[in-house]
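Undergrad:
Residue numbers (the working numbering): 236 to 405.
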């Protein structure tokens, strides 16, 4: 159970750290090889680009987990603090609908690319591994969104429990 809790808290962060460190080292090596040794690494930019795609998809899951995704907060201003839970739920449902749509179209696309057998130009990496970032990222984001909805419903925001005229003194 501790391992599952560890994965819940650290999986995306650990993957993102490894990916960003790998991108940084690869690009630093590329700059050094190109400008100081005049012998560029032909595969470095392609690898960095592919890792950046994976970083973006995993990052969307991490953003949902940490509640760091973009949010439009005009509704609670217009309708009061009691509406925060409702509009947060609507926002989460919108994200979930997007993830499901991306999965619906992304999985068959990855299967088609896998069937074609397309390889990347310099790394000779199967391109379906690169495109797999979309379904994996959207599935992880959907799971994190479901987790956020569950947490929202069992533990509403503190502003939902208090009257708007109540103000706490610091």
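We put the beta carbon where it would ideally sit given N, CA and C, even for glycine.
Drop a sphere of 10 angstroms on the beta-carbon of residue 307, count the other beta-carbons inside from all chains shown, and report buried for 16 or more, exposed for fewer.
TA: One-based indexing of the chain shown puts residue 307 at position 72. So residue 307 ends up on the exposed side.
Undergrad: Hey, would you say residue 278 sits closer than 8 Å to residue 357, going by beta carbons?
TA: Within the chain shown, the letter at position 43 stands for residue 278. Within the chain shown, the letter at position 122 stands for residue 357. Yes.
Undergrad: Rounded to the nearest angstrom, how far is the Cβ of residue 258 from that of residue 276, given a contact under 8 Å?
TA: Start at 1 with the first residue of the chain shown, and residue 258 comes out as number 23. Start at 1 with the first residue of the chain shown, and residue 276 comes out as number 41. 13 Å between Cβ atoms; not a contact.
Undergrad: If you follow the alpha helix (DSSP H) that residue 237 is part of, which residue opens it and which one closes it?
TA: Within the chain shown, residue 237 is the residue found at index 2, counting from 1. Element bounds for residue 237: 237 to 270.
Undergrad: Which residues mark the beginning and the end of the alpha helix (DSSP H) in which residue 312 is found?
TA: By 1-based counting over the chain shown, the position of residue 312 is 77. That run of the alpha helix (DSSP H) goes 309 to 314.
Undergrad: Inspect the CB distances between the region 345 to 360 and the region 375 to 388 and report whether three or more fall short of 8 Å.
TA: Too few Cβ pairs lie closer than 8 Å, so no.
Undergrad: Taking just the CA atoms, how far does residue 338 sit from residue 302?
TA: As a first step, residue 302 must be located in the chain shown, where it is residue number 67. As a first step, residue 338 must be located in the chain shown, where it is residue number 103. Going from the Cα of residue 302 to the Cα of residue 338 covers about 22 Å.
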